[in-house]
Amino acid sequence: MPSCDGLDLDQMYEAMDVLYYNAADVERTVFFHTADLLNLQVDLIFYDTITASFSIDQEDEEGPRRFGRAKEGNWGPQVVVALAVTHEGLPVRCWVFPDNTTYVDTVERVRKDLRGWKLGRSLFVADAGMNSEKNQKELGRAFGKYLLASRMASVAEIRDSVLSKRGRYTVFTDNLQAKEVIIGDGECRKRYILFYNPKEAHRQQKHRSMAVEVLEKELARHPDKKATAQWAIELLASKRYKRYLSISKSGQIQIDQGKIRKAEKYDGKWVLETNDDTICLEDAACGYKGLMIIERCFRSLKRTQIKMSPMYHWLPRRIETHVRICVLALLIERVAELACSKPWPQIRTILDGLQVSEFQTPTHRFFKLNEATAPIRDTLKLLGIPLPAGVLGLRSLSESQSIL
Numbered sequence: 002m003p004s005c006d007g008l009d010l011d012q013m014y015e016a017m018d019v020l021y022y023n024a025a026d027v028e029r030t031v032f033f034h035t036a037d038l039l040n041l042q043v044d045l046i047f048y049d050t051i052t053a054s055f056s057i058d059q060e061d062e063e064g065p066r067r068f069g070r071a072k073e074g075n076w077g078p079q080v081v082v083a084l085a086v087t088h089e090g091l092p093v094r095c096w097v098f099p100d101n102t103t104y105v106d107t108v109e110r111v112r113k114d115l116r117g118w119k120l121g122r123s124l125f126v127a128d129a130g131m132n133s134e135k136n137q138k139e140l141g142r143a144f145g146k147y148l149l150a151s152r153m154a155s156v157a158e159i160r161d162s163v164l165s166k167r168g169r170y171t172v173f174t175d176n177l178q179a180k181e182v183i184i185g186d187g188e189c190r191k192r193y194i195l196f197y198n199p200k201e202a203h204r205q206q207k208h209r210s211m212a213v214e215v216l217e218k219e220l221a222r223h224p225d226k227k228a229t230a231q232w233a234i235e236l237l238a239s240k241r242y243k244r245y246l247s248i249s250k251s252g253q254i255q256i257d258q259g260k261i262r263k264a265e266k267y268d269g270k271w272v273l274e275t276n277d278d279t280i281c282l283e284d285a286a287c288g289y290k291g292l293m294i295i296e297r298c299f300r301s302l303k304r305t306q307i308k309m310s311p312m313y314h315w316l317p318r319r320i321e322t323h324v325r326i327c328v329l330a331l332l333i334e335r336v337a338e339l340a341c342s343k344p345w346p347q348i349r350t351i352l353d354g355l356q357v358s359e360f361q362t363p364t365h366r367f368f369k370l371n372e373a374t375a376p377i378r379d380t381l382k383l384l385g386i387p388l389p390a391g392v393l394g395l396r397s398l399s400e401s402q403s404i405l
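Start counting the sequence shown at 2; every next residue gets the next number (the working numbering).
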């Protein structure tokens with residue numbers, strides 16, 4: 002684009018350095034301006050971490066440039082990126098930590114940095130990876146109140162007591178119901194909130210029925226059902242099918258009806274644990290939805306449209322700044338989604354139709370905007386962005402050649 006003529010790579014790096022040294026003020030100003038503009042509530046803070054890889058020859062003894070094993074299983078240099086967002090999915094602030102930093106070690110830093118932001122009651126919401134007895138104590142000291150997702154199958158108390166507790170669900174929408182479950186008394190008292198999504202339950206039941214049907218056909222194809230057969234080994238190793246299979250005492254592979262019934266207990270259900278007795282089911286439901294939103298935010302960071310890794314920077318400050326730029330891009334994406342009431346892929350597809358063509362006459366060089374369609378005009382109007390001028394970057398050939 003003509004506005005980028007004469008822009009050097011070194012100038013881009015200098016701009017990254019300016020952002021690095023002023024990151025806290027920039028993030029705070031941008032966030033609160035956006036929150037005021039959209040009239041958003043900022044009393045719920047959702048938090049999660051991911052890893053991002055980058056390129057170095059050797060790691061540092063101290064600092065963020067360390068080798069580690071990513072969640073995907075590969076080994077390489079990477080950092081831990083922590084992100085706090087509102088329940089609408091707007092990034093509040095991000096942090097970059099060395100790869101060996103644990104969840105608990107990040108909490109004190111997050112609490113300290115957000116203390117001066119005056120974010121209402123700052124109820125801390127995180128996924129099941131954050132939920133452990135040690136983390137709960139740290140969160141209680143740092144933030145006071147928390148709302149954490151819980152692993153249903155691996156926690157005996159939830160599996161045996163919470164899911165089987167009788168009581169009516171409160172219906173919020175046709176696909177979200179919730180009820181409170183209290184376990185224990187006094188200091189041992191725990192407050193759980195059990196959610197049920199009928200549509201998701203139906204989807205999971207259908208998915209499981211299809212998987213069992215495939216297994217029945219596959220088992221019927223093989224007279225010899227020894228678990229040591231190659232086809233049986235592949236089924237037992239499959240993430241989709243192994244949960245419904247077992248090996249009999251005689252060494253035969255078989256469909257386990259008990260495992261199927263056990264899986265049915267969890268259909269469409271989600272459990273949150275909180276130490277906040279004042280939070281109502283409706284606010285907890287916002288937390289439930291917010292957990293879904295933050296997971297989508299992190300998926301956005303990992304998708305190609307906001308490509309955070311790999312990053313080809315060597316200096317620690319530019320590694321951190323690269324992450325912050327990606328998070329600002331995520332903020333723009335979420336603001337656009339809220340303004341247009343459409344997911345970002347649809348918005349991007351519409352705006353991709355807005356293009357310019359380069360023209361050159363014997364004396365001049367310029368760019369001409371193509372005709373904007375009605376969807377493009379409507380989208381730009383919702384975003385508060387004026388349509389660009391029809392002709393851009395008009396220059397004489399002698400001027401253009403001197404710049405190039």
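We put the CB at the ideal spot given by N, CA and C, even for glycine.
Predicted model, so just to flag it, every value in this text is computed and none were measured.
- In this structure, V392 places its C-beta atom within 8 Å of the C-beta atom of K369.
- Look at the beta carbons and you see the segment 348–360 touching the segment 371–390: at least three pairs across the two are nearer than 8 Å.
- Contact check between the segment 186–206 and the segment 224–232: fewer than three CB pairs, one atom from each, fall below 8 Å, which does not count as touching.
- Pairing D278 with R192 gives a Cβ-Cβ distance under 8 Å.
- Rounded to whole angstroms, E214 and A221 show a C-alpha spacing of 11 Å.
- Look at A228 here: in three-state DSSP terms it is coil, with no helix or strand label.
- Contact between I194 and A285 holds, since their C-beta atoms are separated by about 5 Å, short of 8 Å.
- Annotation: K218 to R209 spans about 14 Å, alpha carbon to alpha carbon.
- Look at H223 here: in three-state DSSP terms it is coil, with no helix or strand label.
- CA-CA distance, S397 to Y22, rounds to 40 Å.
- Per DSSP, the unbroken beta strand (DSSP E) holding I256 starts and ends at 254–256.
- About 7 Å separates the Cβ atoms of C341 and L384, confirming a contact at the 8 Å cut-off.
- Straight-line measurement puts the Cα of A157 at about 42 Å from the Cα of M312.
- In the three-state reduction of the DSSP assignment, I183 falls in the strand class.
- Take Q255, set aside five residues on each side of it, and the residues of its chain with a beta-carbon closer than 8 Å to its own are L220, K226, L246, S247, I248, S249, in chain order.
- Closest option to V31, judged by alpha-carbon separation, among S4, L8, K260, R94: R94.
- For M153, the secondary structure class from DSSP, reduced to helix, strand or coil, is coil.
- Here the alpha carbon of I377 sits roughly 21 Å from the alpha carbon of L332.
- One thing to note: K146 has its Cβ within 8 Å of the Cβ of N276.
- In the three-state DSSP reduction, P78 falls in the strand class (E or B).
- Residue environment: N198 is assigned as buried (16 or more neighbouring CB atoms within 10 Å of its CB, all protein chains considered).
- DSSP places W345 inside the alpha helix (DSSP H), whose first and last residues are 345–352.
- Taking the CA atoms as reference points, D268 sits about 27 Å from N136.
- DSSP places K263 in the helix class (H, G or I) of the three-state scheme.
- V272 is bridged by DSSP to S151, L195.
- L164 sits in coil when the DSSP states are folded into three classes, being neither helix nor strand.
- DSSP places Q12 in the uninterrupted alpha helix (DSSP H) bounded by 10–22.
- By the neighbour-count definition (other C-beta atoms within 10 Å, threshold 16), D100 is a buried residue.
- Ranked by Cα distance from R169, the options D161, L84, V182 are led by V182.
- The straight-line gap separating the alpha-carbon atoms of Q79 and R318 is approximately 14 Å.
- For A83, the three-state secondary structure derived from DSSP is strand.
- Distance from the Cα of T102 is smallest, within the candidate group S399, P92, E283, V81, for V81.
- In the three-state DSSP reduction, K369 falls in the strand class (E or B).
- A Cβ-Cβ contact shorter than 8 Å links S151 with V272.
- In the displayed model, L329 falls within a helix according to three-state DSSP.
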